[in-house]
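> In full-length UniProt numbering, the protein residues as written are 1 to 364. Glycine included, C-beta positions come from ideal geometry on N, C-alpha and C. Just so we're clear, the structure is a prediction, and the values are computed from it rather than from any experiment.
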């Protein structure tokens, strides 16, 4: 069964994914958090979904506040703009009593409460109906997969594979969506853990969720660690935080007791960071450190003076900055315009070495 869950609650996605796979094992489950992203996923998907599950309250775009009739708006847009991609079934799930998503395309609206099982019987009836119909039985191939936080992350990893690991191009996939973020990556791992895909040898096909080492990435990883996965579920995925070891300069910060965030752009070398600074693509991290260094007297000396005293150059201090959110595409163009992109991606090779090991992909 091919399913899209449009919701931002990791707990609801967990419960629904589990129940879907009880009725239809090895289901393909995608997630989206907003109207815009859901429409793009449906449009870009080569196959048509058997079932789309929507929340009543959805934001127009990722990061925006949900609107009460967001689910209805999504349904109207699917019917208006994606007539050739309309799924076999659509169902509304609401955590509220006011379920006004009455629409001719909707199978029904079910009230969902995490501490109740009342939703399971009507959902079970629908899943059995979807599973037993003869429409749209074609499935997509399942490969080891890396879920990443955004389209620029996807580009950097794909280019690293092309330049350093061409033999594995067809052995894994990298997946994201526009403005995905850490929550989406975590949601995808939860959904994946219930599908229990296996290869021809009977081994679980693994997924990795790649998170920036920042507040949101660390929180997403903690949220996953707090969930009650079975031992077999835990064999299907790995949550992976970017680490200082993938950039020698950042590693030196850590060796001197100065812990800073590590996002995907921080894996590029100093020359790239200097170019980005000159083009005004960077902004200061706030806070500068993940935690204040023990030997830093903040009332007596500022962070720049403190780090300069530890021997860091002005160029190295550029890693105290990050790429502005609205400059990420410009930064991507900067990378694309480099004469030798392979050299630019040298640190990404170190990252891919570790990711391929986690995915049990042999490098020929």
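By DSSP, does residue 30 sit in helix, in strand, or in coil?
DSSP places residue 30 in strand when its eight states are reduced to three.
> Is there contact between the region 34-54 and the region 212-228, where contact requires at least three CB pairs shorter than 8 angstroms?
The answer is no - the region 212-228 does not touch the region 34-54, with fewer than three Cβ pairs under 8 angstroms.
> Hey, could you find the ends of the alpha helix (DSSP H) residue 17 is sitting in?
Note, residue 17: alpha helix (DSSP H), 10-23.
> If you check the beta carbons only, do residue 208 and residue 239 fall under 9 angstroms apart?
Contact flag set, yes.
> Since residue 236 contacts residue 273 with CB under 8 angstroms, what's their CB separation in whole angstroms?
With a Cβ gap of about 36 angstroms, residue 236 and residue 273 do not count as contacting.
> If I measure Cβ to Cβ from residue 173 and keep anything under 6 angstroms in the same chain, skipping five residues before and after, which residues do I get?
For residue 173, where only same-chain residues beyond five positions count, the Cβ hits under 6 angstroms are 143 and 145.
> Within its chain, find whatever has a CB closer than 8 angstroms to the CB of residue 271; leave out the 5 residues flanking it on each side and keep chain order.
Cβ neighbours of residue 271 beyond the five flanking positions: none.
> The alpha helix (DSSP H) with residue 254 in it runs from where to where?
Its alpha helix (DSSP H) spans residues 248-255.
> From what residue to what residue does the alpha helix (DSSP H) around residue 124 run?
It spans 120-132 - the alpha helix (DSSP H) in which residue 124 sits, taken as one unbroken run.
> Taking the runs of the beta strand (DSSP E) that are 3 residues or longer, which of them lie wholly in the region 205-272?
207-211 and 237-241, all fully within the region 205-272.
> Would you give the residue range spanned by the beta strand (DSSP E) that residue 343 belongs to?
Counting along the chain, residue 343 falls outside any beta strand (DSSP E), though it belongs to the alpha helix (DSSP H) covering 341-344.
> Whole angstroms are fine: how far does the CA of residue 12 sit from the CA of residue 290?
Spanning the two alpha carbons is a distance of roughly 31 angstroms.
> Would you give the residue range spanned by the alpha helix (DSSP H) that residue 4 belongs to?
Counting along the chain, residue 4 falls outside any alpha helix (DSSP H), though it belongs to the beta strand (DSSP E) covering 2-6.
> Short check: CB of residue 93 to CB of residue 56, under 9 angstroms?
Their beta carbons are under 9 angstroms apart, which means residue 93 touches residue 56 by this criterion.
> Excluding the five sequence neighbours on either side, which residues of its own chain have a C-beta within less than 8 angstroms of the C-beta of residue 131, listed in chain order?
These residues qualify, in order along the chain: 1, 23 and 24.
> If I'm right that residue 341 touches residue 159 with Cβ under 8 angstroms, what's the distance once you round it to whole angstroms?
Confirmed, about 6 angstroms.
> Anyone know if the C-beta pair for residue 30 and residue 43 falls short of 9 angstroms?
No, the pair does not count as a contact, with Cβ atoms beyond the cut-off.
> Expressed to the nearest angstrom, what Euclidean distance is found between the alpha-carbon atoms of residue 67 and residue 73?
Taking the straight line from one Cα to the other gives about 10 angstroms.
> Grouping DSSP H, G and I as helix and E and B as strand, with all else coil, what is residue 279?
Here residue 279 sits in coil by DSSP.
> Specify the secondary structure class of residue 116 as computed by DSSP and reduced to three states.
Here residue 116 sits in coil by DSSP.
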